[in-house]
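Working notes for the structure below.
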Amino acid sequence: MARDTNASSGKVRKTRWYHQVWQAYQMTRQSDPAITWLILAVFFGIVAVALVIGLIAGPVVYFLLLGVPFALLGAMFVLARRAETAAYTRIAGQPGSSRAALGTLRRGWTFTEEPVAVDPRTQDLVFRGLGRAGVVLVSEGPAPRVGRLLEAERKRTARVISGAPITLIQVGDGEGQVPLRKLPRTVQKLRPQLTKQEVAEVGKRLTALGAVRLPVPKGVDPMRARPDRKGMRGR
55 MARDTNASSG KVRKTRWYHQ VWQAYQMTRQ SDPAITWLIL AVFFGIVAVA
105 LVIGLIAGPV VYFLLLGVPF ALLGAMFVLA RRAETAAYTR IAGQPGSSRA
155 ALGTLRRGWT FTEEPVAVDP RTQDLVFRGL GRAGVVLVSE GPAPRVGRLL
205 EAERKRTARV ISGAPITLIQ VGDGEGQVPL RKLPRTVQKL RPQLTKQEVA
255 EVGKRLTALG AVRLPVPKGV DPMRARPDRK GMRGR
């Protein structure tokens with residue numbers, strides 16, 4: 055009787071890059087049906103340009119062989135951008151969507167898994183992050199309403215962190231708010247103001263504040279829906 059060597063050895067099968075690309079395409083097509091035609095247009099458009107250049111400068115075969123890899127890269131770039139947009143669209147408006155978006159930050163920031171403040175009536179939330187730029191408080195909810203909750207959490211936080219900078223960010227589509235898809239970039243652009251030692255000290259002080267227990271949507275990390283960069287390079 056044949057055995058499954060992967061199962062018997064206890065190894066987890068690694069997801070191939072082309073599987074990740076296919077999953078990203080399938081997810082994107084659900085909310086963006088035009089993605090198929092857009093990818094084909096980019097691919098054949100670049101190949102056509104390579105063909106024209108080849109006919110003019112020659113040899114044609116050389117430019118076609120050079121154009122196909124660029125066409126694939128162009129198609130993958132379009133898919134990656136559209137997949138990112140589709141992923142953010144899917145989670146927009148869900149409780150905890152801002153925390154999911156912040157999970158795409160590569161390094162230098164730590165964010166609470168649970169909200170640090172919540173309005174039980176409206177379900178407006180505030181999440182807290184810490185990095186070399188200081189403390190960041192990120193809220194979810196309409197601008198006229200969530201401002202009070204965010205300000206209350208700022209005052210509560212300021213009492214224990216001894217003057218470390220606090221940045222307030224409202225996530226949403228209202229005036230003065232940051233759209234969900236721009237949230238990670240907005241946080242990443244904050245200028246460092248603390249040393250690593252100061253960050254560690256502030257972190258200890260913040261631990262005493264704790265967090266509010268409230269379920270956050272699972273599996274809503276936008277990065278999971280994007281083709282992995284190594285995969286797009288064929289690794």
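Numbered continuously in my numbering, the sequence shown closes out at residue 289. Note that beta-carbon positions come from the ideal geometry of N, C-alpha and C, so glycine has one too.
- At a cut-off of 4 residues, the continuous stretches assigned as alpha helix (DSSP H) that sit fully inside the region 92–169 are 114–145, 151–156.
- Note that the region 114–133 does not touch the region 155–175; fewer than 3 beta-carbon pairs, one per stretch, sit closer than 8 Å.
- If you draw a straight line from the Cα of residue 129 to the Cα of residue 122, it is about 11 Å long.
- For the pair residue 86 and residue 140, the CB atoms are nearer than the 7 Å cut-off.
- Contact between the region 168–175 and the region 244–254 is absent, with fewer than three C-beta pairs closer than 8 Å.
- Distance between residue 222 and residue 138, taken at the CA atoms: about 25 Å.
- Of 210, 179, 240, 102, the smallest CA-CA separation from residue 197 is found for 179.
- Short of 6 Å from the beta carbon of residue 70, and not among the five residues preceding or following it, lies no beta carbon of its own chain.
- For the pair residue 186 and residue 166, the Cα-to-Cα distance works out to about 16 Å.
- When the five nearest sequence neighbours on each side are left out, the beta carbons in the same chain lying within less than 6 Å of the beta carbon of residue 162 are those of 185, in order along the chain.
- Collapsing the DSSP output to three states places residue 176 in coil.
- Residues 227 of the same chain have their beta carbon placed closer than 7 Å to that of residue 233, with the five preceding and five following residues left out of the count.
- Distance between residue 108 and residue 164, taken at the CA atoms: about 51 Å.
- Contact between residue 241 and residue 183 holds, with the beta-carbon distance rounding to 7 Å and staying under 8 Å.
- When secondary structure is reduced to three states using DSSP, residue 78 falls in the helix class.
- Nearest Cα to residue 199 within the set 118, 217, 76, 231: 231.
- Linking residue 191 to residue 99 through their CA atoms gives a straight-line distance of about 45 Å.
- Under the three-state reduction of DSSP output, residue 254 falls in the helix class.
- The alpha-carbon separation between residue 218 and residue 209 amounts to approximately 12 Å.
- With respect to the 7 Å criterion, residue 82 and residue 136 are classified as neighbours on the basis of their beta carbons.
- For a cut-off of 8 Å, the C-beta gap from residue 105 to residue 120 is around 11 Å, too long to register as a contact.
- Residue range 188–194 is occupied by the beta strand (DSSP E) that includes residue 191.
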